[in-house]
Every structure is written in structure tokens, then in C-alpha cells.
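Step one of this worksheet: look at the structure below.
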């Protein structure tokens, strides 16, 4: 019945992660590791989060991933890394990702920002991207 | 010595709030109400937050205000309203502002989002803007 | 397509709030106040939160509402009152609701607990219920 | 003077952890590791948390541990694992523990829930319990 | 049995609030408003918080109240006002109280600090104290 | 232009960490690891946090570091360790540091306090200091 919504979610994940049909959820963690204890979790992630919220109109993908990263920095969640990777995948530049984390200093303080930059730096290294020096 | 930085901050605030020299800080709360107990507070707000962080390269003003709103929603802070107003001032559409708040449901839960939408709705009414219905 | 899920959510809300078909969502706030700015919000509340999560097996309704109240106390959210009312509706005794809030002192500290008890006390007064004195 | 309260706390811990007099605090961390820097800490844990709060009437042990787990998930604290173990010890089924964590998605978001499920899954593996598949 | 501990807590509250035996808990909220729904709450506040934690050696009263205020600012709790009043009562100067709130900007961000300064300013007005201008 | 402010920040860091000109920032993390992705970060840390906030009048260094530690405990941030080290450097006794963490139990709950004490204990071991037993 809600198969359409599930497929819509999978399509959105592919779009965000540049995954293909051989590996339809790409590097996105949809909670498959919990198949044995919470078999419905991945359905909620795919249908609600990606088929629903990530598929809303109003924001483009870059704005959506920026909002995700910001929320995770403000909360200090370990999922920051995966979404920094998604950010690069949808076309956020490293400067935009760093800019978005640095922008939060006056709102969440230095410690949360330093912790998030550590994670971003690791992902940048893994993905082989670097931040362009600007005159500012 | 840091007069240039203070002026840089005031200029940024004017840019963000479309204020003019007669009312240089527009509707932005820079902590002037605390002149008697913390006379240096407004200096930190103007110089560090606006002359420094808001003047960084990397993000445009719309992205910066979106990041601010997102962080405040994630933390449940009452300053959301002022920054929704700033968002409209820098050109975020009501759809983008609502989109940015709604996007956070999977990350911060419904209660924080409902509280933030109440504030946004009030600001939209005050500012006389409305959200366009989309087919979605 | 997902009309079944929407109806499932409405049925669950009726069960939780003892509402009837004349007032199908009872006292539950499903975000209808945001019809003009986020017309899809109430759909997510009804379908995902109530048709999905609240309809999971594993916990009975009393346990589900207890978990909701606990999470809201830990986060200091204003929705505590509505869910205390839901708790009474599904058969949690006032002693259980207070017990659940008091139990959190060692985990979230006194201030959050005092704030939550204020809200619970108001709802008890509105609903005309009182807490039985126990010898303890 | 408060020896009775200390003993009451130890008794409660034994009841919760199925410990015996040879190992009176079972697997419960009462802060004994801090004997050298905060020698009064374990007294507060035993007397106040267990002799006091955990010994209140109003909730049964299963409800108390459910409330503990919920609060820790909402806050993202590493103590979740120890209290999942306590949950199993007092008779919460794995389905109830998972149900209680999954129920929080609409209130705290997916990341906190995913992190908590990882911890629960590990404890289930250590304790050799598994979650029954339900038709739902 | 624990009457001594209760009295120890009351004595500490009197010391902190400069209350006398006619009004033994002074302006301190010990949860008496919840006598009807949680009759044991005030006992926990008096015995554990004041008879126990506030009576520990290691910090003087000024340091203890400073720590309390700091924690409440970091969490955004409404109890800040009562403890600012306690701070003045134990001899913290308005400069120290403001200094302690302002110091948190790099750790918790501007919004939490602005909210806390509003509350402190109100208490200073009620208590008729003012902050001395310093050359800094 | 703001070179004076930068130097003021470095001087403050040296004062706090007992560093000398050969290693001007001592053990303080000023974000130098992010030179490649956020080259302006260390400037903000030095100029704003240390040249500005830490150089305010109103509190002495011991009070400032106590406020820092308290805020980090309340938020559960991993920077606690570095600031416990700073605390010892400016003359806070181990008893004061532990006292400040223990004092937070009624405000933030046991789990945050236990986590912070673990970090403090490690730093005490590294620095070779111990907590004096008191009769209390």
C-alpha cells in the first residue's frame, strides 16, 4: 500500500548519495543493522524521513543537508560525518560545510564547533577534498 | 583600535536588517538593554558575532540566517522570531523558512518543530507574508 | 494511497483521547493550526507519529504515554501538559504520572522535575483528579 | 544514623540486579570507582537514588527502569547500556525495551534512537536475548 | 531517623537565604507547592540537595551558588532568578554574577546568555543593587 | 589592527596555562588543528574567547575556570579534561574541582556527574595530584 512511499524514499536517498540500483541506499545509514531488533526502523527512515520530509518542496537538497548538519552540530550527534558526506554529494562545497559549522559559534559555543570540525576534517580527508584559502 | 571591527559589525547588521544610519541596528537585538549591567556585551555581539562570524566568506546571507534559525530551533531558544524576521529581510521566502523548520522533524522531533512554527507564524502575520500553497 | 495509514492514525488518536467521530482528534494537537504555513504537518503527525510509532506493538498505551511524558520532562518541552492529559485518558493513575516525573530527579535534576510537576498539577486540577496519599 | 537508608538502597539494588549478598551491588555502577576523589558519591547514589527515589511507591520496577532508559535516550547518555541490563533483570522484555526506545523517534529524532538501539543491541547480544518477530 | 539530615538541610537553607526560624526556608523553593501530589519532594530537596550536596566541604557558599547559576544558564532553566537572589544573599557581588553569566558566551552561545542576563537584571532591580562600572 | 587583541589573548592563555614564550598557547587547544579548513578559527578563540571574555574584570581566574568546567559538565562536552587541567594550573585545588562537579548532581543528575568525574580522575592521575580526605 505504501510501497510507493518506500520507493520514493529510496529514490531520494539515491539522489542524495549518488547511489545506484546495485547499492540503493549508498552510504546512508537507514538502520538496517537493527533488522533483528527493530525490523520496522528502516521503513520509518526510508518512508518518513526520506520519502516524506526530504521530499518536501521549499528547500533544495543543498539547503536540506545544510539544515541537517546544523541540527546535528547543535545537538553534538555522531551522525555529523555521514551528513557531511551527503553534503559533498549534493554539491555543498567544503567552504560551505565549514562555513555552516563555523557560523554556529555564537549560537552553540566553541566546544560543539570544534568537535564538529574534527569530524568534517576526517570526512574531507577520506573524500580527498580540501578547503580553498580565501582572502576573506 | 577595534573601531573598524565595530563598524564592520554595524554594517553587517544594516545589511541583514535593511536598517539605515538613523537606526543602525534595525530590529536586531545587540544586547543594548544590558548597558547598565554588562556594558561590553553589545560590543561582543557587534564585533564578534556580526563583524566576525557573520562577515565570514563561505556562505551567503540566506545560508547564514538559515543556519541560525536551524540552531535556534534545535535548542528551543526564544530568539527564533527575530531571526525569522532577519530571514525575510535577506530574502529567504516563507516557504524556505518553513521548509527549514519542517526539515528538522526527523532530527529534533515534533515538539521543537511545533513550537518554532508557532513563532514563525506570528512573525509572518506581523510582516504580512504568507506561504504559497504548493502541489508538492 | 496512504489513506489507510491516515485513518489508522486517527483511530489511534481516538483510542488515546477517548474522542469520538464528531471530534476525531480530541484534545490532541496534530498541528492543524499550521494548515496555512505547513499544510502537510498534520499528515505527518497523524500518519507517522500515531499511525506508525504509536501503533507499534511491544508497549501498551500506558507504557507509550509514560515514555512520551518522560522524554518531554527530560527535554523541558511545553507539551508535557497535553500528554499528562493523555496519560489520564489511557488509564495512568495520577500516582503513576507523578511517580514517573519524580523518578527522573537523579537523571535530569530537580529544576526540570519541579517545572514538570507544576504542569501536571494544573492538568490534575483541570481534570478534577487527585493523588492518593500513600504510607510509602 | 542513615544506615537504614543505605541498607534500603542496597536492598533495592539487589532487587533490581538480582545480586546477592556476596556482590551486593551487582552490575550497578554506584560510583565506587571514585572512592579516592569523591568518597561520598556512592553514598548519595545508594541512599538518595536507590534508597529514596527508586524505593518510592507509585511505579513498579519495570516502569521505573523504563523511565530511566527513556530519560537516558533523550539525553544521549552512555549509561543506557547498564539500565537496559537492569530492564532485562526486572522483567522488561526485549520487545518492551526496543519499543520504549523506538517510541521516542517523534520526540527526540532518529539519531538519538539509532545510537540507543546500538547500545541495546550489544547488551542483548551479551545477555543472549533476542527480540521476537511480531506480525505488527 | 533522618531528622538530623532534614534539620541540617533547613540550617543550610537559612544560611544561604539569611532566613530565620519564623520563615525557615526563606525565599528558597523547596517544592512545598507539591505537598498534595508529591509530598516527599520537599524532603528530597531539603535532605539531599541542601543537607547533602550543599553541605559538602570543598567549596564555599559563593562558589556553590556560582556553580548552580552556571548550570542553570547552560540549561536555560527558569530557576536562574531564585539562585541569583541566593548569590546576592551569600555575598556574590552583582559584578561576579554578571561575570559568571557573561563568561559562558564562548561555551553556550549568546542566546542563553542574553536570556539569563534578563532574569539577573530583574532580580538586581528588585533587590536594589547595581553593577559598578569598571574601567576594564 | 587587532594585533593588540590577539596578543592580549595569548598573554591570557599563558597566564592560565603557565606557558612561556617558547610554547605560547601551552596545553590550550586554540583550534590550530583546523588551520587548513578554518584558518580564522584560532583567531576567534584567541581574540574573542581569551583576549575578550577571559580578560573581563568581575571574576578571578579560578572563578572563570570553575564556570567553564561547570558549563562543560552540564553540556557533557569532552573538553572537560583540558579545563580541569587549566583549573589546576590557576590554583583550583582538586577538592574544589571535584566539589564543583559533585555540586551539580541536583541540577544535571548523576550520569553527567559520573562521566565528568571519570575525566577529572584521569587528569588528576596524569598531573599527579590527589584529593585530600576530609572529615566532612
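Protein chains in written order, with this note's numbering: chain A, 71 to 206; chain B, 71 to 206; chain C, 71 to 206; chain D, 71 to 206; chain E, 71 to 206; chain F, 71 to 206.
For glycine and all other residues, C-beta sits at the position ideal for the given N, C-alpha and C.
Counting the other CB atoms within 10 Å of its CB gives residue 196 of chain B a total below 16, which places it among the exposed residues. For the pair of segments examined, the segment 110 to 121 of chain E was found to touch the segment 107 to 127 of chain D: the number of CB pairs separated by less than 8 Å reaches three. When secondary structure is reduced to three states using DSSP, residue 146 of chain A falls in the coil class, being assigned neither helix nor strand. Contact of residue 99 of chain F with chain B is not assigned, every C-beta pair being separated by 8 Å or more. Sequence-ordered contacts of the segment 158 to 170 of chain E with chain F read 165, 166, 168, 169 and 170 [C-beta pairs closer than 7 Å]. The residues 174, 177, 178 and 182, in chain order, have a CB closer than 8 Å to that of residue 144 of chain F in the same chain once the five nearest residues on each side in sequence are set aside. The beta carbons of residue 194 of chain C and residue 107 of chain E sit about 7 Å from each other, so the pair counts as a contact at 8 Å.
Taking a C-beta distance under 8 Å as the contact criterion, residue 76 of chain C and residue 134 of chain C do not qualify as a contact pair. With fewer than 16 other beta carbons inside 10 angstroms of its own, residue 127 of chain D counts as exposed. Residue 157 of chain B sits close to residue 139 of chain B, with the two beta carbons spaced by under 8 Å. Interface with chain E (8 Å Cβ-Cβ cutoff): residue 114 of chain B is included. Within the segment 174 to 199 of chain B, those residues whose Cβ lies closer than 9 Å to any Cβ of chain C are, in chain order, 175, 179, 180, 181, 182, 183, 184, 185, 187, 188, 190, 191 and 194. Residue 199 of chain B sits in coil when the DSSP states are folded into three classes, being neither helix nor strand. Inter-residue distance for residue 99 of chain B and residue 93 of chain B is about 12 Å (C-alpha atoms, whole angstroms). Beyond the five residues adjoining it in sequence on each side, residue 161 of chain B comes within less than 7 Å, by CB distance, of 132 in the same chain, given in chain order.
The DSSP-derived three-state label of residue 131 of chain E is helix. For residue 142 of chain B, the closest C-alpha among the options B/190, B/88 and B/103 is that of B/190. Interface with chain C (8 Å Cβ-Cβ cutoff): residue 143 of chain B is excluded. Not a single CB atom of chain C sits nearer than 8 Å to the CB of residue 155 of chain B. When the five nearest sequence neighbours on each side are left out, the beta carbons in the same chain lying within less than 8 Å of the beta carbon of residue 89 of chain D are those of 83, 95, 96, 97 and 98, in order along the chain. Sorting A/104, A/151, A/146 and A/78 by C-alpha distance to the C-alpha of residue 203 of chain D places A/104 at the top. Against residue 128 of chain B, the close residues of chain A are 165, 166, 168 and 169, in the order they occur along the chain (beta-carbon pairs closer than 7 Å). In this structure, DSSP gives residue 81 of chain D a helical state, which the three-state scheme calls helix. Distance from the CA atom of residue 91 of chain B to the CA atom of residue 81 of chain B, rounded to whole angstroms, is 9 Å. Taking 8 Å as the upper bound for CB-CB distance, residue 164 of chain F and residue 199 of chain F are in contact here, some 5 Å apart. Residue 146 of chain E and residue 74 of chain A have their C-alpha atoms spaced approximately 43 Å apart. Taking C-alpha positions only, residue 167 of chain B is separated from residue 136 of chain B by approximately 7 Å. In the three-state DSSP reduction, residue 181 of chain E falls in the helix class (H, G or I). Listed along the chain, the chain B residues whose CB falls inside 8 Å of the CB of residue 203 of chain E are 109. For residue 140 of chain D, the closest Cβ of chain C is nearer than 8 Å. If you draw a straight line from the Cα of residue 184 of chain D to the Cα of residue 109 of chain B, it comes to about 45 Å.
Residues are counted here when their Cβ sits less than 9 Å from a Cβ of chain B; for the segment 77 to 91 of chain A the count is zero. Separation of the CB atoms of residue 101 of chain A and residue 129 of chain B is rounded to 31 Å, and the pair is thereby denied contact status at 8 Å.
For residue 172 of chain B, the enclosing alpha helix (DSSP H) begins and ends at 164 to 172.
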